[in-house]
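Following this note's numbering, the numbering of the sequence shown begins with 818 at its first residue and continues without gaps.
Some notes on the structure that comes next.
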Amino acid sequence: MSRKNKLRKFAEILSFPNVFECYNAQQPALVGVDMTPIDFRGHWASQHFNNNQPITLELACGGGEYTVGLARRFPDRNFIGVDVKGNRLWTGAKDAMDSGLTNVAFVRTRIEVIDHFFAPDEISEIWITFPDPFPRSSKVNRRLTSPFFHDKYRKILKKDGLVHLKHDDPDFYEFTLETIREDAQCRLLYSNDDIYASPLEYPELELKTLYEGKHLAKGRTIKYVRYLIG
Ligand SMILES: C[S@@+](CC[C@H](N)C(=O)[O-])C[C@H]1O[C@@H](n2cnc3c(N)ncnc32)[C@H](O)[C@@H]1O
818 MSRKNKLRKF
828 AEILSFPNVF
838 ECYNAQQPAL
848 VGVDMTPIDF
858 RGHWASQHFN
868 NNQPITLELA
878 CGGGEYTVGL
888 ARRFPDRNFI
898 GVDVKGNRLW
908 TGAKDAMDSG
918 LTNVAFVRTR
928 IEVIDHFFAP
938 DEISEIWITF
948 PDPFPRSSKV
958 NRRLTSPFFH
968 DKYRKILKKD
978 GLVHLKHDDP
988 DFYEFTLETI
998 REDAQCRLLY
1008 SNDDIYASPL
1018 EYPELELKTL
1028 YEGKHLAKGR
1038 TIKYVRYLIG
């Protein structure tokens, strides 16, 4: 994408009523349309979505294909896509607005500070879709299923809240399973290292992200883990 196109998208999302941005992870705070400060922590459903529906987050959402796809399937739930890249969020936010989906929002932030924007027990489910694998062991804490991130999720997720990981990388898949095994609070519910080899266990797995499409085109198999972090 050209720099000009990116800048146009950065400017446009400032006027999107379904996008909230954090400009400084050292001092986490969100702004909405025209840089207006907002604080929905503990009140996203009532103050932003104007309902009392449960909230699902999609972390590392990129263009938000899962956020928007799930929102279409489950109008009785709210969905919030989270990513640090505004030009990617633009795609999902625009699609949601053009489709008239009122149960979708996006938060542009580093996921490291996610617990500043949601209250304990405010989140019912978390999807993590094709996060960067960070293969070097020195970057283990940047992997979105590391104990470091699980501790953040625990602060905002309900006790029985599901976590879903979809990935193509066998090492990331094994790393996630190992993290679950080594954490007494975590409980594995389902895992599959080639979900499309047999009929899908869960129908929502048929939704595909941009990166998933690229991985499938290269003949890679898609893996899925469903678990509780307790
Ligand atoms: C490989 S892309 C996958 C995007 C999308 N889920 C898909 O499957 O098409 C990984 C995404 O994670 C985001 N990301 C990685 N680490 C992040 C972090 N710590 N905080 C926020 N976003 C992050 C990147 O900006 C990028 O959009």
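All C-beta atoms in this analysis are idealised placements derived from N, C-alpha and C, irrespective of residue type, glycine included.
Query: Under a three-way DSSP split, which group does Thr908 fall into?; Result: helix
Query: Is Thr993 near Asp1011, with beta carbons less than 7 Å apart?; Result: no
Query: Let me know the secondary structure DSSP gives Asp900 once reduced to three states.; Result: strand
Query: Any chance the CB of Lys902 is under 6 Å from a heavy atom of ligand 1?; Result: yes
Query: With DSSP as the reference, label Glu838 as helix, strand or coil.; Result: strand
Query: Buried or exposed: Pro948, going by 16 or more other Cβ atoms within 10 Å of its Cβ?; Result: buried
Query: Is it the case that the CB of Leu1027 approaches a heavy atom of ligand 1 more closely than 6 Å?; Result: yes
Query: So, are the CB atoms of His1048 and Asp985 less than 7 Å apart?; Result: Since the first and last residues shown for the chain are 818 and 1047, residue 1048 lies out of range.
Query: Ligand 1 and Ala877: does the residue's C-beta get closer than 6 Å to at least one heavy atom of that ligand?; Result: yes
Query: Can you list the beta strand (DSSP E) stretches of 3 or more residues lying completely in the stretch 908-948, in chain order?; Result: 921-925 and 940-946
Query: With 16 other CB atoms within 10 Å as the buried threshold, where does Ala877 fall?; Result: buried
Query: Please classify Asn920: is it buried, with 16 or more other beta-carbons within 10 angstroms of its beta-carbon, or exposed?; Result: buried
Query: Is there a Cβ of chain B sitting closer than 7 Å to that of Pro987, yes or no?; Result: Annotation note: the requested chain B is absent from the structure, which comprises a single protein chain.
Query: For Tyr840, does the count of other Cβ atoms within 10 angstroms reach 16, so buried, or fall short, so exposed?; Result: exposed
Query: How many Å lie between Leu1017 and Arg1043 at the Cα?; Result: 13 Å
Query: Secondary structure at Glu1021, three-state DSSP: helix, strand or coil?; Result: helix
Query: Leaving out the 5 sequence neighbours to the left and right, which residues in its chain are closer than 7 Å to Gly886 when beta-carbon positions are compared?; Result: Leu1024
Query: Sort Gly1036, Leu974, Ala922 and Asp968 by Cα distance to Thr996 and report the nearest one.; Result: Asp968
Query: Within its chain, find whatever has a CB closer than 6 Å to the CB of Phe833; leave out the 5 residues flanking it on each side and keep chain order.; Result: Ala910
Query: Should Ile897 be counted as a contact of ligand 1 given a C-beta to heavy atom distance under 6 Å?; Result: no
Query: Give every residue of the same chain whose Cβ lies closer than 7 Å to the Cβ of Pro952, excluding the five residues on either side of it in the sequence, and list them in chain order.; Result: Asp988
Query: Taking the Cβ atom as the reference point for each residue, do Arg894 and Gln870 lie within a distance shorter than 7 Å?; Result: yes
Query: Could you have a look at Thr1026 and say whether DSSP puts it in helix, strand or coil?; Result: coil
Query: Looking at ligand 2, does it come within less than 6 Å of Phe947, judged from the CB to the closest heavy atom?; Result: In the structure shown, ligand 2 is absent; the only ligands present are ligand 1.
Query: Determine the DSSP secondary structure at Ile1039, reduced to helix, strand or coil.; Result: coil
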